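Counted from 1, the sequence shown has number 163 at position 156 by this note's numbering; the numbering is strictly sequential.
Beneath this line is the structure, given in structure tokens, with notes to follow.
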Amino acid sequence: MLRSLFRFLLGLVLLSVAVALLAVVLVVEREPSLSESPPPAPEDVLAARGFAHSVKRALAGEGEPEPVVVTEARFNSMVRLGARFLPGFRGRVTLEEGAVRGEASAPVPFTRGALWVNAAATAPEFEGEFALGSLRVGRLNLPPGLSLEAGRIAANLLFGNGVGDTVAGAATRLDVEGDAASITLAIRQVGGNRVARGVFGALRGSALPPPEAVEREMARIAGAMARGELPAEGSFLPHIRFALASALDSAAAEGPAEAYTASILALASICGARDFTTVIGGLVDHRVEAGFEDADCSPLTLNGRIDSRRHFITAAAVQAASNRGYSVTLGEFKELHDIAAAGGFDFTDIAANNSGIRMSNRMMAAPAGEWPALLARIGEESDVIIDYAGLPSIMPDEEFRARFGDIESEAYAAMLAEIEARIDGLPLHKAN
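What follows is the structure, encoded as structure tokens:
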């Protein structure tokens with residue numbers, strides 16, 4: 008009896024291994040199906056920003072949202088930007104007659120590009136409920152309906168907050184004509200900030216602090232500003248110290264990383280960059296309490312610059328809510344946007360971004376017992392943000408390409424390494 012049971016279990020294990028190996032053989036390939044795409048360019052950031060604004064406009068009015076029209080070129084601009092978050096990823100969107108076709112190639116981790124997973128899917132025109140027309144992964148043709156349902160469940164489990172349900176019901180109609188797709192959204196009906204909180208929580212590796220905790224910190228900061236306890240002009244450093252001290256007060260009960268995240272999200276919501284506050288706002292879901300309207304950060308500076316204050320605190324907040332790759336890449340996208348729309352690429356902005364990111368890393372990695380000593384190190388701006396001397400400032404597109412090529416060049420990487428080396432030397436980051 009025991010021998011028969013053992014043989015059955017052994018056979019089941021061997022069958023499972025064989026099925027897994029067969030799946031690997033059918034899914035994993037030695038070459039990517041897509042050629043490597045160029046790195047994101049300024050026009051890609053402008054295209055993605057235009058799409059975001061069109062979605063915002065479509066959802067802003069009363070009644071049913073207006074359709075959002077997306078060209079094939081704009082789709083592929085957003086794919087190139089997204090690939091920056093996933094090293095080695097390649098993607099392409101093609102508009103066919105009556106359908107949108109997406110293709111992707113992704114390297115298998117730890118194989119150094121020796122193995123790839125290639126996939127292709129089509130989404131036909133629809134009205135009502137989104138459905139896939141076809142799905143191929145490697146050499147396997149998968150059932151579209153079952154795969155879509157599995158993806159919805161997986162997104163719910165991975166991101167929480169019903170993200171899979173929200174995304175699956177985000178559109179109610181798709182029409183394709185020529186080189187443009189018209190998408191009717193239903194996000195207003197599906198609701199809220201669940202997608203933002205779920206995605207950022209997954210990037211971060213843990214759930215974000217509840218909105219009430221961020222609202223509490225906003226009330227503390229705004230109250231101190233309204234009472235004159237924090238300066239209305241000059242250096243932004245007192246506001247940083249106040250937020251860190253407030254986080255320390257809550258660290259014993261909530262944990263230092265959670266308390267820090269709530270406080271830094273609150274400070275970024277009040278004093279962060281105008282464009283990127285939209286990103287933070289999707290995580291906070293705060294209500295404007297009495298007194299918040301008096302919390303005017305507009306004259307406050309870091310390194311004598313208003314934009315450095317915005318870059319520093321917003322990057323610190325995005326880092327606290329996600330991970331380093333995401334926050335660094337957002338900073339790059341902001342500078343690429345500025346090449347096309349605001350004068351040029353500015354490494355001093357990158358320096359402010361990365362200084363804020365590193366502050367978040369330092370504080371969130373430290374146990375609560377070390378926080379008083381870390382706060383004692385922050386007495387001047389030069390303790391948390393590097394000096395900009397020698398860093399290239401605003402460069403038009405032609406000058407940036409002549410000096411650095413693109414954001415994947417060796418020259419660009421060397422400049423980022425210089426910025427990181429300077430941050431290593433700040434008092435906040437020195438080893439005792």
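Backbone N, C-alpha and C define an ideal beta-carbon position, used for all residues, glycine too.
All of these numbers come straight from a predicted model, not from anything done at the bench.
(message) Closer than 8 Å is the cut-off here; do at least three beta carbon pairs connect the region 173 to 184 with the region 57 to 67?
(response) Taking a contact to require three or more Cβ pairs closer than 8 Å, the region 173 to 184 and the region 57 to 67 do not qualify as touching.
(message) Pairs of beta-carbons, one from the region 408 to 424 and one from the region 384 to 396, closer than 8 Å: are there three or more?
(response) no
(message) Taking 8 Å as the threshold (C-beta atoms), are Gly-95 and Ala-80 in contact?
(response) no
(request) Return the residue from the list Pro-306, Ala-127, Glu-134 and Ile-228 that minimises the CA-CA distance to Pro-151. (result) Ala-127
(request) Report the option in Glu-261, Glu-110, Phe-319 and His-318 whose CA atom is closest to the CA atom of Pro-374. (result) Glu-261
(request) Taking the CB atoms as reference points, tell me whether Arg-365 and Ile-414 lie closer together than 8 Å. (result) no
(request) Take Phe-354 as the anchor and find which of Phe-319, Ala-372, Ser-329 and Ala-327 has the nearest alpha-carbon. (result) Phe-319
(message) Based on DSSP bridge pairs, tell me the residues matched to Met-402.
(response) Phe-352
(message) Using the three-state DSSP reduction, which class does Thr-179 fall into: helix, strand or coil?
(response) strand
(request) Take every Cβ of the region 32 to 48, pair it with every Cβ of the region 116 to 132, and state whether three or more of those distances are shorter than 8 Å. (result) yes
(message) Are the CB atoms of Glu-110 and Asp-182 within a distance shorter than 8 Å?
(response) no
(request) Within the same chain, show all residues whose beta-carbon is closer than 6 Å to that of Leu-255, passing over the 5 residues directly before and after it, in chain order. (result) Trp-378
(request) Would you tell me roughly how many angstroms separate the C-alpha atoms of Glu-236 and Ser-329, rounded to the nearest one? (result) Straight across, the Cα-Cα distance linking Glu-236 with Ser-329 is about 31 Å.
(request) Would you mind stating whether Ala-138 and Leu-155 have Cβ atoms separated by less than 8 Å? (result) yes
(message) Tell me the residue span of the beta strand (DSSP E) that contains Ser-315.
(response) Counting along the chain, Ser-315 falls outside any beta strand (DSSP E), though it belongs to the alpha helix (DSSP H) covering 313 to 328.
(message) Suppose the cutoff is 8 Å on Cβ atoms and the five residues either side in sequence are ignored; what does the same chain contact list for Gly-135 look like?
(response) Thr-179 and Arg-180
(message) Taking DSSP's pairing of strands, which residues face Thr-191 in a bridge?
(response) Looking at the DSSP output, Thr-191 bridges to Arg-180.
(message) Given this structure, state the Cα-to-Cα distance separating Ala-266 from Ala-280, to the nearest angstrom.
(response) 22 Å
(request) Name the residue from Arg-64, Pro-434, Ser-315 and Thr-308 whose alpha carbon lies nearest to the alpha carbon of Ser-242. (result) Thr-308
(message) What does DSSP give as the partner residue(s) for Arg-99 in the beta ladder?
(response) Glu-110
(message) As a quick exercise: from Thr-118, Asp-394 and Pro-217, pick the residue whose alpha carbon is nearest that of Gly-432.
(response) Asp-394
(request) Specify, as a first and last residue, the run of the beta strand (DSSP E) that Asn-148 falls within. (result) 147 to 149
(request) Locate the alpha helix (DSSP H) running through Asn-125, then write down its first and last residues. (result) Run containing Asn-125: none in the alpha helix (DSSP H); it sits in the beta strand (DSSP E), 123 to 131.
(message) Let me make sure I understand the geometry here. Which of Glu-406, Arg-317 and Leu-53 has the alpha-carbon closest to that of Asp-303?
(response) Selected option, being the one with the closest Cα: Arg-317.
(message) Taking the beta strand (DSSP E) that Leu-142 belongs to, which residues open and close that run?
(response) 141 to 144
(request) With a threshold of 16 other CB atoms inside 10 Å of the CB of Leu-12, please say whether the residue is buried or exposed. (result) With a pLDDT of 49 at Leu-12, under the threshold of 50, the modelled position of that residue is not reliable, and no figure is offered here.
(message) Can you look up Ala-260 in the DSSP assignment and give me helix, strand or coil?
(response) helix
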